[in-house]
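Residue numbers (the working numbering): 50 to 392.
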Ligand code: SF4
C-alpha cells in the first residue's frame with residue numbers, strides 16, 4: 050500500500066488495523082502518539098505491545114513518508130531539510146520566540162512567483178505539497194521538540210512556495226491544525242502571500258480568523274514589478290484595497306512585509322511614497338533587511354538606513370517594526386529557503 054498513516058482517512062486507518070487483526074481502540078492510541086506527541090516511529094509508541102509495534106513497522110504504512118535528512122541549528126532557530134516520499138526536498142524552520150515556538154511551513158516544492166530577492170523563487174517550481182505533507186512538517190517539528198517537552202504553538206505559512214497558489218491544500222492543512230487533533234488556534238496562524246488578489250478575497254470568506262501577511266516590497270507598481278513578476282498582474286492599489294477588505298471582514302491583523310534592499314527600495318523617497326499609500330491604515334509594517342543568498346547580487350542595507358526607513362513610517366503614525374533576524378547564519382531566514390539544501 051503506497052500511502053502513509055497521516056494521509057489516510059479515518060475509515061482507511063480502521064480497515065488497515067483490521068487487516069492487522071487490531072481492535073478500533075488501537076487507532077486512538079496511535080493517533081494520540083502521532084498527532085499529540087509528534088511520534089513518527091511506531092517503535093517509539095511505548096504503550097503498544099512490542100509485537101504490534103513490529104507489525105506496524107513492517108505493514109508498509111509508515112507514519113509519514115517525509116523524513117528529516119539534516120538539521121541546522123543556531124541559538125534560536127532550527128532548519129529542517131526534509132525529504133518527501135517522491136524524493137523531492139523542502140525545508141521547514143522552527144523558531145523560538147518569547148511568546149511560543151513557531152513553525153515556518155513550506156507549501157510547494159519551489160515557487161512559480163520568481164521574486165528576485167528569494168532563493169526559492171530563483172530555483173523554479175516543481176510541485177504543490179499536499180495538506181498531509183504540510184502536516185508532516187508539523188509532526189517532524191513536534192518530534193524534534195519532544196526532547197524538550199515542547200510543541201509548536203504558532204504556524205507561519207512563509208516557507209518555500211506561495212501558499213495561496215496551492216489554495217485548497219493550504220486551507221485543508223490549516224483546518225487540520227485548528228482541529229482537535231492539533232488544537233492550534235487560528236489566531237496563531239499566519240498566511241503570507243505575494244498579493245494574489247482573487248485568493249485573498251476568497252480567504253476572507255473562509256470563516257477562518259487567521260492573520261494575513263502581504264509582501265509589498267515596493268511603494269509603486271513600476272518598482273514592484275521589477276522585484277516581483279506578480280506585480281504585473283495585480284496592481285498595488287487593488288492589493289491594498291483587498292487587504293482593507295480582509296481586515297474588515299475577518300477582524301484579523303494584516304501585515305505588510307517589506308524586504309529592504311540596498312539602493313533598490315530602501316531610499317527615503319520609497320518610505321515617503323509608502324506612507325502616502327497606507328497612511329491612516331491599521332496595517333502593521335514588518336521591515337526585513339534583505340537576507341542575501343548564494344548567487345544573488347542584491348545587498349542588505351545598513352542598520353542606520355533600515356532605522357531611517359522605519360522612522361519615516363512611524364513619524365507618519367504607522368506601526369513599523371524591524372524583523373528580528375532569526376536563522377540567517379544557517380540559511381533559514383526569510384527568502385533563503387530552498388536555494389541550497391544541505392544534508
Ligand atoms: S518570496 Fe514567496 S512568493 Fe516570492 S518567490 Fe519566494 S517563496 Fe515564492
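Beta carbons: idealized from backbone N, C-alpha and C, even for Gly.
In this text, all values refer to a predicted model and were calculated from it rather than measured experimentally.
Is the distance from the Cβ of residue i to the Cβ of residue j below 9 Å?
i, j, result
"residue 53", "residue 112", "yes"
"residue 319", "residue 352", "no"
"residue 347", "residue 310", "yes"
"residue 331", "residue 368", "yes"
"residue 299", "residue 257", "yes"
"residue 137", "residue 175", "yes"
"residue 215", "residue 201", "no"
"residue 371", "residue 337", "yes"
"residue 212", "residue 241", "yes"
"residue 129", "residue 189", "yes"
"residue 206", "residue 154", "yes"
"residue 361", "residue 335", "no"
"residue 472", "residue 292", "Past the boundaries of the shown model lies residue 472; the chain is included only from 50 to 392, so the question cannot be answered."
"residue 105", "residue 69", "yes"
"residue 59", "residue 101", "no"
"residue 74", "residue 231", "no"
"residue 181", "residue 56", "yes"
Please state the DSSP three-state secondary structure of residue i.
i, result
"residue 273", "helix"
"residue 98", "coil"
"residue 409", "With the chain running from 50 to 392 in the structure shown, residue 409 is simply not present."
"residue 350", "coil"
"residue 309", "strand"
"residue 212", "helix"
"residue 207", "coil"
"residue 176", "strand"
"residue 162", "coil"
"residue 116", "strand"
"residue 191", "helix"
"residue 372", "coil"
"residue 233", "coil"
"residue 247", "helix"
"residue 390", "Low per-residue confidence applies at residue 390: pLDDT is 45, beneath 50, and the placement is therefore not dependable, though the value from the model is reported in the following sentence. In the structure shown, residue 390 sits in coil (DSSP, three-state: anything other than H, G, I, E or B)."
"residue 167", "coil"
"residue 318", "helix"
"residue 57", "coil"
"residue 255", "coil"
"residue 278", "helix"
"residue 86", "coil"
"residue 201", "coil"
"residue 138", "strand"
"residue 124", "coil"
"residue 151", "strand"
"residue 130", "strand"
"residue 453", "No statement about residue 453 is possible, as the shown extent of the chain runs from 50 to 392 and does not include it."
"residue 262", "strand"
"residue 324", "helix"
"residue 238", "strand"
"residue 110", "coil"
"residue 361", "helix"
"residue 367", "coil"
"residue 52", "coil"
"residue 339", "coil"
So the candidates are the options; which of them puts its Cα closest to the Cα of residue i?
i, options, result
"residue 236", "262, 203 and 225", "203"
"residue 151", "158, 313 and 208", "208"
"residue 210", "187, 190 and 183", "183"
"residue 343", "109, 70 and 169", "169"
"residue 97", "323, 110, 89 and 79", "79"
"residue 349", "167, 274 and 296", "167"
"residue 123", "131, 133 and 142", "142"
"residue 234", "243, 224, 335 and 242", "224"
"residue 199", "355, 58, 87 and 313", "87"
"residue 282", "290, 355 and 270", "270"
"residue 358", "291, 307, 218 and 373", "307"
"residue 178", "92, 221, 254 and 62", "221"
"residue 364", "317, 341 and 339", "317"
"residue 333", "243, 302 and 229", "302"
"residue 120", "315, 253 and 140", "140"
"residue 243", "254, 226, 274 and 230", "274"
"residue 89", "148, 74 and 110", "110"
"residue 312", "355, 133, 227 and 127", "355"
"residue 149", "125, 156, 159 and 158", "125"
"residue 255", "217, 285 and 290", "217"
"residue 115", "107, 131, 366 and 127", "131"
"residue 107", "325, 65 and 173", "65"
"residue 187", "157, 226 and 135", "226"
Shorter than 9 Å from the beta carbon of residue i to some beta carbon of chain B?
i, result
"residue 372", "No chain B is part of this structure, which consists of one protein chain only."
Pairs of beta-carbons, one from the segment 243-255 and one from the segment 187-202, closer than 8 Å: are there three or more? no
On the three-pair Cβ rule with 8 Å, is the segment 161-176 touching the segment 270-290? yes
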